[in-house]
Amino acid sequence: MTASATTPPSGLKVFRDLGGTPTADGRRIRSGRIFRSGDLSALNAADHDRLRALGIRLVCDLRSEFERTARPSQWPEDLQTEWLVAGLLDVRSGHVDLRRMLIEDPTPAGVRRMLIATYEALPAAAAPLLPQLFERLANDELPALIHCSAGKDRTGFICACIQHALGVDREQIHAHYLATREHLAIDAMASRIAERLREVVGDAAARQMVRVLADVEAEYLDAAFDRIDQDHGSITGYLRTCGLTPPLEQQMRAQLLEDV
């Protein structure tokens with residue numbers, strides 16, 4: 001792959017490759033096969049050139065219909081790509097219960113509780129999507145790009161599921177998830193979030209809440225894992241209910257892993 005193909009497009013937020021992540025059996029995820037990012041609403045001509053060089057064949061958009069309408073993807077029209085649209089719940093999607101939590105407790109602690117509630121709900125919300133996604137990854141509809149709005153919460157959970165399916169251990173999954181912080185433009189994201197929060201909780205509360213809402217913490221992803229353990233016994237058990245049969249798992253690994 002050329003250097004230009006691996007340079008993060010300027011219109012993509014938190015764009016990165018899952019490649020290089022080691023697995024418990026001594027292999028690693030192949031580079032250039034699965035990417036993740038925030039929304040695709042600010043892509044320019046140079047970004048389009050880079051995406052063509054990457055040859056993205058599958059885009060998994062985790063945003064709600066409201067988010068997709070407000071910030072439509074600016075995808076290159078000549079790039080033949082399948083779109084898998086999920087619409088997972090998130091406070092940015094206008095989810096009523098999550099918005100109510102912010103209104104009732106407009107503090108940094110309230111934001112953390114809301115984010116934990118979001119992650120606890122993600123396993124059930126993602127269950128209809130994952131069979132479709134696993135099938136496509138196993139059948140070489142690659143490279144794939146997985147994204148939501150900020151590229152950290154919904155995208156982080158789906159990428160964690162993929163990594164577990166590929167044999168990445170919990171420590172490495174956490175490390176990859178928390179590395180999102182290194183790619184987040186937290187100040188810029190906080191500014192965008194503050195504009196929306198002011199309408200809901202007022203200016204003073206918004207200033208206190210934004211940096212928490214724009215960040216990632218291990219306890220958030222752990223909230224999703226804990227819910228999975230309660231409901232399914234293990235992440236493997238959860239993924240089995242989401243259509244990841246042992247043969248499909250092996251097929252995915254054949255497509256996406258390489259020897260070190």
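Residue numbers (UniProt numbering): 1 to 260. We treat Cβ as the ideally placed atom computed from N, Cα and C, and that holds for glycine.
Restricting attention to ARG57, SER37, LEU12, the CA atom closest to the CA of ASN44 is found in LEU12.
The C-beta separation of LEU62 from ARG136 comes to about 15 Å, leaving the pair out of contact by the 8 Å criterion. For ARG36, the closest of HIS147, GLN255, SER234 by C-alpha to C-alpha distance is HIS147.
HIS48 and PRO76 have their alpha carbons spaced roughly 6 Å apart. With 16 or more other Cβ atoms inside 10 Å of its own Cβ, GLN163 counts as buried.
Under the DSSP assignment, ILE146 falls in the beta strand (DSSP E) whose first and last residues are 144–147. With respect to ARG33, PRO143 sits close: the two C-beta atoms are nearer than 7 Å. With contacts defined by Cβ atoms closer than 7 Å, VAL111 and VAL14 do not form a contacting pair.
Remark: fewer than three beta-carbon pairs, one from each stretch, lie closer than 8 Å, so the region 172–184 and the region 245–260 are not flagged as touching.
Short of 7 Å from the beta carbon of GLY26, and not among the five residues preceding or following it, lie these beta carbons of its own chain, in chain order: VAL260.
In the assembly as shown, GLY237 is an exposed residue. Its beta-carbon has fewer than 16 other beta-carbons within 10 Å. Residue environment for GLY38: buried (at least 16 other C-beta atoms within 10 angstroms of its C-beta). In summary, ARG30 is buried, with 16 or more beta-carbon neighbours lying within 10 Å of its beta-carbon over all protein chains present. With fewer than 16 neighbouring CB atoms inside 10 Å of its own CB, PHE66 falls in the exposed class.
ASP49 has no beta-bridge partner at all, per DSSP. In its chain, beyond the 5 residues on either side, ILE116, TYR119, GLU120 have a beta carbon closer than 6 Å to the beta carbon of ALA223. Taking the Cα positions, GLY55 is about 41 Å away from PRO108. Excluding five sequence positions before and after LEU18, the CB atoms of its chain that fall closer than 8 Å to its own CB belong to ILE29, ARG33, ILE34, PHE35, ARG36, CYS159, ILE162, GLN163, HIS176, given in chain order. Counting along the chain, PHE35 sits inside the beta strand (DSSP E) bounded by residues 34–37.
In the three-state DSSP reduction, ASP169 falls in the coil class, being neither helix nor strand. In the DSSP assignment, VAL59 falls within the unbroken beta strand (DSSP E) covering 58–61.
Taking 7 Å as the cut-off, the beta carbon of LEU88 is found no closer than this to the beta carbon of ALA124.
Around the beta carbon of ASP203, fewer than 16 other beta carbons sit within 10 angstroms, so the residue counts as exposed. The C-beta separation of ASP229 from ALA24 comes to about 19 Å, leaving the pair out of contact by the 8 Å criterion.
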